[in-house]
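Worksheet for the structure shown next.
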Amino acid sequence: MAVLSKAGCNSGPCHGNINGKGDFRLSLRGQDADFDYLEITHALGGRRINRVQPNESLFLRKPTAESPHQGGQRFKIGSVEYEILLSWLKSGMQAPADSPPVQRLIVAPNSKVIVAPTDRVQLTVIAEFADGTTRDVTRLATYDVSNFVAEVSETGMVQAKAIGETVVVVRYLSHQEPVRLAFLENSPFAWQNPPANNHVDVLIQKKLRSLRINQESICSDTQFVRRAYLDLLGLIPTADEAKEFTYDRNPQKREQLIDTLLGRPEFADHWAQKWCDLLRVEEKSLDTRGVEVFHGWIRQCFADGLPLNEFVKQIVEAEGSTYTNPPANLYRSLREPLNRGESIARVFMGVRLQCAKCHNHPFDQWTQDDYYSWAACFAKVDYKIVENKRKDELDKNEFNGEQVVIRNAENSVKNARTGDEASPRLLDADRRQVDATENRNASGLVADWFANDNVDFARAQANRIWFHLMGRGLVDPVDDFRITNPASHPDLLDYLAQEFIKAKFDVRSLIRLIMHSRSYQTGSATSEPSELQLTNYAVARVSRLTAEQLLDAQCQFLNVAPEFNGHDAGIRAGQLPGVHKINPRRQTPTRDDRFLMVFGKPERLLTCECERVDDTTLSQVFMLVSDRVAQERLGDERGRIQTLLRDGCEPLDVGEQLYWWALSRPPSQEETAKLTELLRGCDADGATIVLQDLAWALMNSKEFVFRN
Numbered sequence: 101m102a103v104l105s106k107a108g109c110n111s112g113p114c115h116g117n118i119n120g121k122g123d124f125r126l127s128l129r130g131q132d133a134d135f136d137y138l139e140i141t142h143a144l145g146g147r148r149i150n151r152v153q154p155n156e157s158l159f160l161r162k163p164t165a166e167s168p169h170q171g172g173q174r175f176k177i178g179s180v181e182y183e184i185l186l187s188w189l190k191s192g193m194q195a196p197a198d199s200p201p202v203q204r205l206i207v208a209p210n211s212k213v214i215v216a217p218t219d220r221v222q223l224t225v226i227a228e229f230a231d232g233t234t235r236d237v238t239r240l241a242t243y244d245v246s247n248f249v250a251e252v253s254e255t256g257m258v259q260a261k262a263i264g265e266t267v268v269v270v271r272y273l274s275h276q277e278p279v280r281l282a283f284l285e286n287s288p289f290a291w292q293n294p295p296a297n298n299h300v301d302v303l304i305q306k307k308l309r310s311l312r313i314n315q316e317s318i319c320s321d322t323q324f325v326r327r328a329y330l331d332l333l334g335l336i337p338t339a340d341e342a343k344e345f346t347y348d349r350n351p352q353k354r355e356q357l358i359d360t361l362l363g364r365p366e367f368a369d370h371w372a373q374k375w376c377d378l379l380r381v382e383e384k385s386l387d388t389r390g391v392e393v394f395h396g397w398i399r400q401c402f403a404d405g406l407p408l409n410e411f412v413k414q415i416v417e418a419e420g421s422t423y424t425n426p427p428a429n430l431y432r433s434l435r436e437p438l439n440r441g442e443s444i445a446r447v448f449m450g451v452r453l454q455c456a457k458c459h460n461h462p463f464d465q466w467t468q469d470d471y472y473s474w475a476a477c478f479a480k481v482d483y484k485i486v487e488n489k490r491k492d493e494l495d496k497n498e499f500n501g502e503q504v505v506i507r508n509a510e511n512s513v514k515n516a517r518t519g520d521e522a523s524p525r526l527l528d529a530d531r532r533q534v535d536a537t538e539n540r541n542a543s544g545l546v547a548d549w550f551a552n553d554n555v556d557f558a559r560a561q562a563n564r565i566w567f568h569l570m571g572r573g574l575v576d577p578v579d580d581f582r583i584t585n586p587a588s589h590p591d592l593l594d595y596l597a598q599e600f601i602k603a604k605f606d607v608r609s610l611i612r613l614i615m616h617s618r619s620y621q622t623g624s625a626t627s628e629p630s631e632l633q634l635t636n637y638a639v640a641r642v643s644r645l646t647a648e649q650l651l652d653a654q655c656q657f658l659n660v661a662p663e664f665n666g667h668d669a670g671i672r673a674g675q676l677p678g679v680h681k682i683n684p685r686r687q688t689p690t691r692d693d694r695f696l697m698v699f700g701k702p703e704r705l706l707t708c709e710c711e712r713v714d715d716t717t718l719s720q721v722f723m724l725v726s727d728r729v730a731q732e733r734l735g736d737e738r739g740r741i742q743t744l745l746r747d748g749c750e751p752l753d754v755g756e757q758l759y760w761w762a763l764s765r766p767p768s769q770e771e772t773a774k775l776t777e778l779l780r781g782c783d784a785d786g787a788t789i790v791l792q793d794l795a796w797a798l799m800n801s802k803e804f805v806f807r808n
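The following block contains the structure:
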């Protein structure tokens, strides 16, 4: 089977397709050796094999193009691949069951930093079999590269094409091993040996030094205060808060600020919003009341500091009315057991199972049997519909009324491969059976598994918290943990997971650990950073504020209240429980509703971080630069500028205040001089216009729109 994989015969576009090609089907990437053996030797009356003249077998003539073959020539007569297959045919076609299985692959080097002028490295692949024997399979292994930094030959020679890091996935039969390589320039380098605030920095700096990259210096106090407020509260600091922190001489003020922000109610608002995105808290499936109670429960969990494993346990085991037992609302969105299995694995384990629905996962350890056994853990979930007063009778996904989540012992999931009822099993290394009892159903036992110092759960959630603070997961994307997508810093991920477990899954404790690190407090690059700098946390990642953060920042800066359909005046964007309290088809969205839609607030139809987008669009530019409502707010008599002027502030002082409110810093000397020049000779009305123009410019500056 290794030869067929090497030649691409069992790939998706070829015979590995679920429907095969030309009446010949193989398992995808050779994952089912027994099926492939029967298909080659016995299907269609064994016509693919010539037992008298093996070299005349269609099995050999097709891939060598001696007989017409839609896939073209895959290897030549006399090649290593050809001789292996011919030898197998001549020796009687030994079945897979008669051969010792591969226990593991040993790839050398398994990681390496290559410095110019060296620009290539040869991989060696050794297969270790169950009978204790080993074999060099370098020539028969297949190689896939994760990006365009390098390319790899069929013999395992990796050739650099650019400066950077890459992952080469080495595959032989059903085993896969990732190899992380870095190709660097041979430029002068001296490690600056920056001090480490904690063990997070030790591990980050260890890799940076190996990559010949120095870590950027610590960010300024004005940058830190804005960054910390945005990351923990979803808000920018007020002018007074920014000033107080900036001018505080206490050497421990950063640690103190972190503790203060972790204790504020806005922390619960902001981090509840992140989980509402993932748990599909939206009005179409849950209805307005369901959204409000589920959001309220999630927010209260973060306000109370409920351990994250207990938070997840209560969701997974939930039963009862979705109005009186809020965590049951997740099952209101996830109506089918397959969807439940996929979503729960993705959100809580960081595992994408969907590829295993139709065949064994081509890039991970999960089999098709694993997929259906995991889904079977949630098969008994059922519903009692108390009422459904949907307004759109044609939309069968809309629910408006109370539902009760129950467990129905008659429900089951069938394994698509075997046609038999799937037996519930965990997604752990042993695929342990889930044996439901009279007092504890299968999903309840899964909930217990999550809550019981689950290392895989801890790794996935530590990675998600790291992503929200650092802008990129150690495993990226955050919900794609697999063998072939290794962490950029595996030792750091293991450390964070263990610290999370030691802290009894206290979210604030892990956030505090990360934010105390120099790596979190690093400044952004003064010039365009390289991908190596960004992916290895040598510099702070610059990112656009989320839709809610940007709208709340604008409103706080201008001292105006946003307006949302169906909500009381004064509610912030970051406090909204759902997506659309009133369907946009039934009432024209307000300007602020539209703002959130344009800037990427997710519809919450997917259990995925990827649904929130930060792409820049022309609509966003128009809304920032020339939106009528923004112009009206700049001139609002109750707004920031008019209030400060009425209170007797001089126009130049108002300008300085605007910098503090918008950017959490004072204006530079150059900015002050320019503002002084613009205000010179202006009467009251003229000064107001200048200040409105300044506010508009600040609100559209990169420093305002982006988190630095």
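The opening residue of the sequence shown carries number 101 in my numbering; numbering runs sequentially from there. Yeah, the Cβ is synthetic: ideal placement off N, Cα and C, and Gly gets one too.
Item to check | Opposing strand residues paired with F283 [DSSP bridges] | outcome: Answer is I214, G264, bridged to F283.
Next on the checklist: Rounded to the nearest angstrom, what separates E410 and L651 at their Cα positions?
Outcome noted: Near 33 Å, if we compare the C-alpha coordinates of L651 and E410.
Next on the checklist: Considering only DSSP beta bridges, list what A250 is partnered with.
Outcome noted: A260.
Item to check | Spatial neighbours of R235 in its chain, beta-carbon cut-off 6 Å, leaving aside the 5 residues before and after | outcome: Correct list, in chain order: A227.
Checklist entry - How close, in whole Å, do the beta carbons of F804 and L763 come, if the pair is a contact with beta carbons under 8 Å? => result Between L763 and F804 the Cβ distance is about 6 Å, and since that is below 8 Å, they are a contact.
Checklist entry - Which whole runs of the alpha helix (DSSP H) in the segment 338 to 372 are 4 residues long or more, in chain order? => result Within the segment 338 to 372, the complete alpha helix (DSSP H) runs of at least 4 residues are 339 to 347, 353 to 362.
Item to check | Proximity to R618 [Cα-Cα], best of Q305, I184, T584 | outcome: Taking only the C-alpha atoms, the option nearest R618 is Q305.
Next on the checklist: Rounded to whole angstroms, what is the Cα-Cα separation between Y423 and Q503?
Outcome noted: Note on geometry: alpha-carbon atoms of Y423 and Q503 lie some 8 Å from one another.
Checklist entry - Fully enclosed by the segment 288 to 345, which alpha helix (DSSP H) runs are 4 residues long or longer? => result Entirely contained in the segment 288 to 345, the alpha helix (DSSP H) runs reaching 4 residues are, in chain order, 299 to 310, 321 to 333.
Next on the checklist: If the criterion is Cβ atoms closer than 8 Å, does the pair R148 and A107 meet it?
Outcome noted: Cβ atoms of R148 and A107: not closer than 8 Å.
Checklist entry - Taking the DSSP output, what are the residues bridged to Q533? => result For Q533, which the question treats as bridged, DSSP gives the partners R525.
Checklist entry - Closest to W375 by CA distance: which of D727, F402, L778 is it? => result When only C-alpha atoms are compared, the closest one is F402.
Checklist entry - What does DSSP give as the partner residues of I506 in its beta bridges? => result Beta-bridge pairing links I506 to D482.
Checklist entry - Expressed to the nearest angstrom, what Euclidean distance is found between the alpha-carbon atoms of L545 and Q633? => result Whole-angstrom Cα-Cα distance: 43 Å.
Next on the checklist: Restricting to Cα atoms, I'd like to know which of T388, G116, L205 is closest to P677.
Outcome noted: Of the listed residues, the one whose Cα sits closest to P677 is T388.
Next on the checklist: Looking at the strands, I want to know which residues DSSP matches up with A227.
Outcome noted: BP columns for A227 point to L205, R235.
Next on the checklist: Using 8 Å for Cβ pairs, my map puts A542 next to C455. What's the rounded Cβ distance?
Outcome noted: No, A542 and C455 are not in contact; Cβ-Cβ is about 23 Å, not under 8 Å.
Checklist entry - Should P427 go down as buried or exposed, given a rule of 16 or more other Cβ atoms within 10 Å for buried? => result Burial state of P427 is buried, judged by a 10 Å Cβ sphere holding 16 or more other Cβ atoms.
Next on the checklist: Quick check on this structure: which residue in R161, D301, K343 has the alpha carbon closest to the alpha carbon of D321?
Outcome noted: Of the listed residues, the one whose Cα sits closest to D321 is K343.
Checklist entry - Are the CB atoms of S253 and V267 nearer to each other than 8 Å? => result In this structure, S253 lies away from V267, with their beta-carbon atoms at least 8 Å apart.
Checklist entry - Run through DSSP, which three-state label would V805 get? => result Helix, per DSSP.
Item to check | N-terminal and C-terminal residue of the alpha helix (DSSP H) that T242 is part of | outcome: Bounds of any alpha helix (DSSP H) do not take in T242; it lies within the beta strand (DSSP E) bounded by 242 to 245.
Checklist entry - Under 8 Å, do Y329 and L362 count as touching if we go by C-beta distance? => result The answer is no: Cβ separation not under 8 Å.
Checklist entry - Leaving out the 5 sequence neighbours to the left and right, which residues in its chain are closer than 8 Å to S385 when beta-carbon positions are compared? => result Short of 8 Å from the beta carbon of S385, and not among the five residues preceding or following it, lie these beta carbons of its own chain, in chain order: R432, S433, N497, E498, F499.
Checklist entry - Whose CA, out of Q656, E777, R672, lies closest to the CA of I741? => result I741 has its Cα closest to that of Q656, out of Q656, E777, R672.
Checklist entry - How many angstroms separate the CA atom of C109 from the CA atom of W566? => result Taking the straight line joining both Cα atoms gives about 41 Å.
Checklist entry - To the nearest angstrom, how far is it from the Cα of Q194 to the Cα of D134? => result Straight-line spacing of the CA atoms in Q194 and D134 works out to 11 Å.
Item to check | Whole-angstrom distance between N314 and A296, CA atom to CA atom | outcome: Here the alpha carbon of A296 sits roughly 13 Å from the alpha carbon of N314.
Checklist entry - Got a sec: does the ligand SAM put a non-hydrogen atom nearer than 7 Å to the Cβ of V513? => result No copy of the ligand SAM occurs in the structure displayed, which carries no ligand at all.
Next on the checklist: For S111 and R271, which I take to be in contact (beta-carbon distance under 8 Å), what is that distance rounded to the nearest angstrom?
Outcome noted: Wrong, their Cβ atoms sit about 11 Å apart, outside the cutoff.
Checklist entry - Since Q276 sits in a beta bridge, which residues does DSSP pair it with? => result Residue pairing of Q276 in beta bridges, as defined by DSSP: R271.
Next on the checklist: Please give the ranges of any alpha helix (DSSP H) in the segment 757 to 803, keeping only runs that are unbroken, at least 4 residues long and fully inside the region.
Outcome noted: Qualifying alpha helix (DSSP H) stretches, in chain order: 769 to 779, 784 to 799.
Checklist entry - What are the start and end residues of the beta strand (DSSP E) that includes Q222? => result Annotation: the continuous beta strand (DSSP E) that includes Q222 extends over 220 to 222.
Checklist entry - Of the residues E277, A250, V505, which one's Cα is nearest the Cα of G420? => result Looking at the Cα atoms, V505 is the closest of the given residues.
Checklist entry - Is the beta carbon of W474 less than 8 Å from the beta carbon of A509? => result Not closer than 8 Å, so no.
Checklist entry - Can you name the start and end residues of the alpha helix (DSSP H) that F175 belongs to? => result Counting along the chain, F175 falls outside any alpha helix (DSSP H), and DSSP gives it neither H nor E.
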